[in-house]
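Residue numbers (my numbering): 425 to 523.
Heads up, the beta-carbon is just placed ideally off N, CA and C, and yes, glycines get one too.
All values derive from a computational prediction rather than experimental measurement.
Structure representation (structure tokens):
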């Protein structure tokens, strides 16, 4: 079994795995930035709609909050998946190096 793990370590260069860790971090950052941009555009459009039709402010506000929660939930799931990928890569490096 030790031979197989040594072969796996030799086949995968650790610098490639470091790029995977970097990619997971960038993915989490992009998820947060995307959610921020999406919620910002959502709020801006909702305010324009309320300015055009003030009587529908309650309905527009409720729909805006619900949609913002969905966008934030998707961003949270994306960040969690990126951190799970990052921890799997770090665990693989530690197991392969015998730490």
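Looking at the structure shown, is residue i part of a helix, part of a strand, or coil, going by DSSP?
i	result
residue 477	coil
residue 520	helix
Roughly how many angstroms separate the alpha carbons of residue i and residue j, rounded to a whole number?
i	j	result
residue 425	residue 516	Unreliable placement is indicated for residue 425, whose pLDDT of 49 sits below 50; the coordinate value is still reported in the next sentence. Approximately 15 Å between the Cα atoms of the pair.
residue 457	residue 486	23 Å
residue 478	residue 490	19 Å
residue 451	residue 442	14 Å
residue 464	residue 470	10 Å
residue 484	residue 497	20 Å
residue 508	residue 476	44 Å
residue 506	residue 453	9 Å
residue 439	residue 473	50 Å
Would you mind giving the Cβ-Cβ distance between residue i and residue j, rounded to the nearest angstrom? I have them listed as a contact below 8 Å.
i	j	result
residue 445	residue 510	5 Å
residue 504	residue 459	Residue 504 to residue 459, Cβ: 13 Å. No contact.
residue 502	residue 455	4 Å
Count the other CB atoms, across all protein chains shown, that sit within 10 Å of the CB of residue i; report buried if there are 16 or more and exposed otherwise.
i	result
residue 448	buried
residue 499	buried
residue 513	buried
Verify the CB distance criterion: does residue i have a CB-CB separation below 8 Å to chain D?
i	result
residue 446	Looking for chain D here will not work: only one protein chain is present.
Exercise. What residue ranges within the segment 483-507 form continuous beta strand (DSSP E) runs of no fewer than 3 residues, ordered along the chain?
Worked result: none
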